[in-house]
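In order, the protein sequence lines correspond to chains U, G and P. Mapping of the first sequence onto this note's numbering: position 294 corresponds to residue 294, and the numbering continues sequentially without gaps. Each number in this note's numbering corresponds to the 1-based position in the second sequence with 1000 added. Each number in this note's numbering corresponds to the 1-based position in the third sequence with 2000 added. Beta carbons: idealized from backbone N, C-alpha and C, even for Gly.
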Amino acid sequence: MKDLVLEEKLRELAGLQADLFNRDFLLTWEHSQAEIRAILLTAECLRTLYGAGRSLRLFDTGLAVSIFRDQSTRTRFSFASAAAALGLTLADLDEAKSQIAHGETVRETAVMIAFLADVIGIRDDIYLGEGNRTMREVASALQEGYERGLLPQRPAIINLQCDLDHPTQTLADLLHLESRFGGPAGLRGRKFVISWAYSPSYGKPLSVPQGLIGLLTRFGLDVTLAYPEGYDLLPDVVALAEKQAAASGGAFRISHDMAEAFDGAEIVYPKSWAPMQVARRRTELLKKADREGLLALERKCLEENARHKSWQCDEALMKRTAAGSALYMHCLPADISGVSCPQGEVSREVFERFRLETYREASWKPFIIAALIVLTRIPDSAASLRRLVEAAAPRIR
Amino acid sequence: MKDLVLEEKLRELAGLQADLFNRDFLLTWEHSQAEIRAILLTAECLRTLYGAGRSLRLFDTGLAVSIFRDQSTRTRFSFASAAAALGLTLADLDEAKSQIAHGETVRETAVMIAFLADVIGIRDDIYLGEGNRTMREVASALQEGYERGLLPQRPAIINLQCDLDHPTQTLADLLHLESRFGGPAGLRGRKFVISWAYSPSYGKPLSVPQGLIGLLTRFGLDVTLAYPEGYDLLPDVVALAEKQAAASGGAFRISHDMAEAFDGAEIVYPKSWAPMQVARRRTELLKKADREGLLALERKCLEENARHKSWQCDEALMKRTAAGSALYMHCLPADISGVSCPQGEVSREVFERFRLETYREASWKPFIIAALIVLTRIPDSAASLRRLVEAAAPRIR
Amino acid sequence: MKDLVLEEKLRELAGLQADLFNRDFLLTWEHSQAEIRAILLTAECLRTLYGAGRSLRLFDTGLAVSIFRDQSTRTRFSFASAAAALGLTLADLDEAKSQIAHGETVRETAVMIAFLADVIGIRDDIYLGEGNRTMREVASALQEGYERGLLPQRPAIINLQCDLDHPTQTLADLLHLESRFGGPAGLRGRKFVISWAYSPSYGKPLSVPQGLIGLLTRFGLDVTLAYPEGYDLLPDVVALAEKQAAASGGAFRISHDMAEAFDGAEIVYPKSWAPMQVARRRTELLKKADREGLLALERKCLEENARHKSWQCDEALMKRTAAGSALYMHCLPADISGVSCPQGEVSREVFERFRLETYREASWKPFIIAALIVLTRIPDSAASLRRLVEAAAPRIR
């Protein structure tokens, strides 16, 4: 296979100052530009090889553990697909079947499931202020176990969505944008809008909008965050986005008018989320198992949401975008008016027009996760990838 | 390994005009005789190789997805065993854990779980008029995804039991018959009876009896379908069985007298099912979640069933078969009188006499499923099988 | 890799008169000293190789089935880790999803899940008098299936905890002791105390204390079993421990005073269990699904337990041990006072001091299970291990 694009990517990868080996991947903003670049390049190489029918087996044997503290289909299968493609066996810690709990128990369980584990993927996005913290508790227990010789290797933790960030989603989104706009250079100055949108449900995590402003502002995009007053994100992440936009030569602003935000936009990402204050209150009530309080909160929030039903991405709004032809994005599943709910985040017409585009956006996720496994678990992953290319082993014999 | 029988089968396989590559396997009657033959031959070759301690790894890595919308042990493990033997990793879409729903959501989920999937096995047998239709909806979504470049390959859908057919069961049954009666030629003219039998439960799918008359009438057998008046199968499938029997030089008739049907039979398959009308009514009630209606229907059906308790396969009935020694078959688990229920489909004596035979019948299923995966997913599967034989790699090192 | 210790172990292993091939592993006391030695040596070799980054793939493909009739995290992941490391795919028989039941159904299901299985790990520890018996029922069905040609191989059953023994735990404990005290010779005469300890829960299985006295008395240790009057273990196992201690040159005695038992102890294993009589009564009530009876029994037992709150392993007790520095052991999770419960088996201070030691103890379990799979499923496993060492294939490429 003489694939010059692939060769170019491998060469760039080998030259990067990116060291993700023996590290976790918990928040995109904890990693350098070179590290983000390495992830995208590795994901692209893996996709090219897979598409050419090549085996991606970099592990002769090994174990990938998943922990899902919230429902998931897409991310669950992306993780399973990535692990399987690399040669890892899957084991899911189904908490209903097991004995996990909090505090010391988290640390103990972390070690018990990790004796022969290569990677642990965790989704923990329900409790604001808890998910990412728990991941760090697991990480510190693994680090201690590794340093004290209990674990023969340091399994990498991959954040499959927490209360703060959804890095495998936003990296897939970024790669989708690069593939649509001609690589990293094509993103500079692009008008990107992440907008709140109406949904008949409430309490969706903040991690996607926060993850998007926390990642895309680093690549020179002109990012607008739009939401009705009161639907704030965490101030720390907003401050970070502002700082990063300034440093990258991009822009970041907040709007409280969806239509105005869409004016001239080249990419729109309309998506519901719960206001930070609601997410905080909900976490308190969930911890106290206060069912009445939760029902009252839900009622109040749905009423509040209902005042913003006009925050729906429809063709009228899409006409206001640049040349009326902005790219529509979504992490799926979208609340589609007249399809999955009476009224939701996006009109049937807009969604149907971009349905396959959203699938393409999602199709990057297994390769992003595979890239994270490769980079965090293989010492000289560029060399391993190079050997994989040269071995040219077919996946199907 | 110089196995002349294996050589003979490989040669016959290579000469067949059977093209199952990149296709689904949803109903046996949608596939040509040559394709059915290719499946049986491939299953036999795989069984021979496995039995000789050879590795069947045809996939260096890969993913087999299963979706079970109904309970299953046998088929679940057959699918898992087949996938594992070929080198595929398993991922189960447990709908309780995931976000699958109907209509557009089925199509979207189909693509989301399929980005790196090689095969998707689906059991969806509860709703008459729905199961097979849903499989086709999944298939069409995958086809669209493949044609539009979203999926790097077209995963095959394998019907692990629907409302119409249970092809992996009936193909295992056919192979069991061939192995008992000297190959395909030995089946011509054999008197085969698929008979309704009493069960203390109600609402069992129609797929096994329909699948049997839809498959066996193509191979020259003399097929009798016996059931109490009112326990009809779908008219389309019955009409198909009549047509196929005429074309194959076999026979097909319906009897409403179990004893008469058993006269001179060489193979008997006594098995409970719900009348088509009941299955239809049940589907309507299930869709409306009408619990009272369902309870009333169950009561009425159990009363109706109880009028046919004499439809039990016992030694007296078995004596009426050819030389009193017909082969007893069942897809398992059977309702065995005095064992798994007070009175059921078969007496303890008859079942015990054939217990190991029914296990042997079941033992073909993993190899049938493996054959379907090989034929639908490997372009020149005969050549791949040949290489597998020649590599002679031991499964255990 | 010139590892002289590894070479020494391989040589000893090759010379042992141990034949575990095609056998089950249900109780340690059914196996010879040479067989126990072979398991420990194999586990150590596998750990050394894994730690050196070598692939342990002895199966090109294969299937490991697990059946958990009780909650489990540690053992579940140990089994999964062992299977994955050897190249086996995992399939869990989740009984909620399947159709397993009792009697004939157990035998039938055993065969149905075993057509292509290499090993079946079973945890069945809730019903005293049932768990081990069920494993033997599964074993006899598999044996019949194998002898009658239905199963191409005889899958090994590995006891992952039953009502009588917990062999993968106690073998891991034994290996931990050997690694701490200089091999088998270092264990002779060591004062080991397995003591009942208070727990706010009731009904914990007897399998760990029984398994410990049933195993450790064979290796010359000076074993004390301590418990409040009434908390008896099964008399058969106690009698066995007495006999074995006499034969091995060790000692075995029973004490009803925790403090006295700890005097001069070199190893202590404080662990709660239900009295045999309670476990028997509980089994009867569970079988009758007598919820009120169960609640009454629980109430009564918790009251009885509460009379023995002083049976807690704290620093005052630890001071009485040999040089005040006995090794603390536990199978985890421990009931830690002020951490996982208000008052429990062990004080926070003692547990924290030995926390990493208990993790190290647990870290042997995946390798014990892997060793059991290798020895029961590979005909000349010493030769296979030797080839693995010589191949020196890296686990990560």
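Residues of the region 348 to 360 of chain U with a C-beta atom less than 7 Å from some C-beta of chain G are 356, 359, 360, listed in chain order. In this structure the region 181 to 192 of chain U does not lie against the region 59 to 74 of chain U, because fewer than three pairs of beta carbons, one per stretch, are closer than 8 Å. The beta carbon of residue 1081 of chain G sits closer than 7 Å to those of 1366, all from its chain and outside the five residues before and after it, given in chain order. Contact of residue 2055 of chain P with chain U is assigned, a C-beta pair being separated by under 9 Å. By the Cβ neighbour-count rule, residue 138 of chain U is buried, with 16 or more other Cβ atoms within 10 Å of its own.
Within the same chain, 1217, 1218, 1219, 1220 come within 7 Å of residue 1248 of chain G by CB-CB distance, once the 5 residues on both sides are set aside.
Residue range 33 to 51 is occupied by the alpha helix (DSSP H) that includes residue 49 of chain U.
Across the structure, residue 107 of chain U and residue 2146 of chain P are spaced so that their CA atoms are roughly 44 Å apart.
Under a criterion of Cβ atoms nearer than 7 Å, the residues of chain P adjacent to residue 109 of chain U are, in order, 2073.
Scanning P:2345, P:2376, P:2110 for the CA closest to the CA of residue 2336 of chain P turns up P:2345. Taking a Cβ-Cβ cut-off of 8 Å, the neighbours of residue 81 of chain U in chain G comprise 1063, 1091, 1115, 1116, 1117, given in sequence order. Runs of the beta strand (DSSP E) lying entirely within the region 1062 to 1136 of chain G, each at least 3 residues long, are 1063 to 1068, 1089 to 1092, 1119 to 1124 in chain order. Using a CB distance cut-off of 9 Å, residue 140 of chain U does not count as an interface residue toward chain P. Following the DSSP letters along the chain, one finds residue 1360 of chain G inside the alpha helix (DSSP H) bounded by residues 1348 to 1363. Comparing alpha carbon positions, the residue from U:130, U:114, U:49, U:74 closest to residue 287 of chain U is U:130. Around residue 2384 of chain P, the beta-carbon contacts reaching into chain G at under 7 Å are 1397. It is roughly 9 Å from the alpha-carbon of residue 2272 of chain P to the alpha-carbon of residue 2311 of chain P. With respect to residue 2205 of chain P, residue 2113 of chain P sits apart: the two C-beta atoms are not nearer than 9 Å.
Between the region 1366 to 1380 of chain G and the region 1070 to 1090 of chain G, the count of C-beta pairs closer than 8 Å reaches three or more; the two stretches touch. In the DSSP secondary-structure assignment, residue 1396 of chain G is bridged to P:2059. In the DSSP assignment, residue 382 of chain U falls within the alpha helix (DSSP H) that extends over 381 to 391. Closest in C-alpha terms to residue 211 of chain U, from the list U:153, U:300, U:169, U:307, comes U:169.
Residue state for residue 2022 of chain P is assigned as coil, using DSSP reduced to three classes. Rounded to the nearest angstrom, the gap between the Cα atoms of residue 2361 of chain P and residue 2022 of chain P is 28 Å. Contact annotation: residue 1122 of chain G and residue 1066 of chain G have beta-carbon atoms nearer than 9 Å. The residues 224, 226, 261, in chain order, have a CB closer than 6 Å to that of residue 255 of chain U in the same chain once the five nearest residues on each side in sequence are set aside. Counting of Cβ neighbours within 10 angstroms places residue 20 of chain U among the buried residues, the total reaching 16 or more.
For residue 231 of chain U, DSSP assigns no beta-bridge partner whatsoever. Those residues of the region 2010 to 2044 of chain P placed with their C-beta closer than 9 Å to a C-beta in chain U do not exist. What residue 50 of chain U touches in chain G, judged by beta-carbon distance under 8 Å, is 1116, 1152, going in chain order. Leaving aside the five residues that flank residue 394 of chain U on each side, the residues in its chain whose CB is nearer than 6 Å to its CB run, in chain order, 53. Linking residue 1116 of chain G to residue 1152 of chain G through their CA atoms gives a straight-line distance of about 8 Å. Taking 9 Å as the CB threshold, residue 2105 of chain P lines the interface with chain G.
For residue 93 of chain U against residue 45 of chain U, the beta-carbon gap comes to about 30 Å, at or over 8 Å, which does not count as contact.
Contact of residue 296 of chain U with chain G by beta-carbon distance below 9 Å is absent, the smallest such distance being about 26 Å. Among the residues facing chain U, residue 1060 of chain G is included, as its CB has a counterpart in that chain under 9 Å away.
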